[in-house]
Every structure is written in structure tokens, then in C-alpha cells.
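Peer 1: In the working numbering, the protein residues as written are 617 to 692. First the structure, which I've put down as C-alpha cells, then a few questions once you've had a look.
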């Protein structure tokens, strides 16, 4: 989905009185767009696993995501 469609989705969910989240193979490179859209929560399973989303969580990737969410520059 494009940014306009996602923004509309978020607005519709919030208008219904619910929290709105986004997920779907999110990666660190998606953080700027997520910050702009400002969902209430976001799912990052693919970004923090070794290989695909069914693999084990990777501690280094988790750390990188936590730092990036705090605004600390990390290599993508």
C-alpha cells in the first residue's frame, strides 16, 4: 500500500476509536515513513530474525532496531 492509503487506513481505525498498527516485512529502512505515518504500534518480526521471519530472533538486529527507534543512527 502507498502512504496515502496507509494514512487513510490509520485515520479510519482511529475514527472508530481503536488503536492502529502497521506490519508486513518492516525493516529499519521503513522507519522514516513509519515516523511520518505515526501508527500506534508497528510489527518488526522480519527485521529482527535471522533470515526469514520464521527463523530465530537475532540479538544484534533487536539491538539495532531498539537504537534506531530511539533515534540513534545505525547501519542498515
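Backbone N, C-alpha and C fix where the C-beta goes; we use that ideal spot for every residue, glycine too. Because the structure is a prediction, the values reported are computed rather than measured.
1. Apart from the five residues on each side of it in sequence, which residues of its chain come closer than 6 Å, Cβ to Cβ, to residue 641?
2. State the Cα-Cα distance for the pair residue 649 and residue 619, rounded to the nearest angstrom.
3. Taking 8 Å as the cut-off, decide whether the C-beta atoms of residue 644 and residue 672 are in contact.
4. Can residue 655 and residue 683 be called in contact, C-beta distance under 8 Å?
5. Is it true that the CB of residue 623 sits closer than 8 Å to the CB of residue 653?
6. Which class does residue 631 belong to by DSSP, given the choice of helix, strand or coil?
Peer 2: For this structure:
1. 662
2. 8 Å
3. no
4. no
5. yes
6. helix
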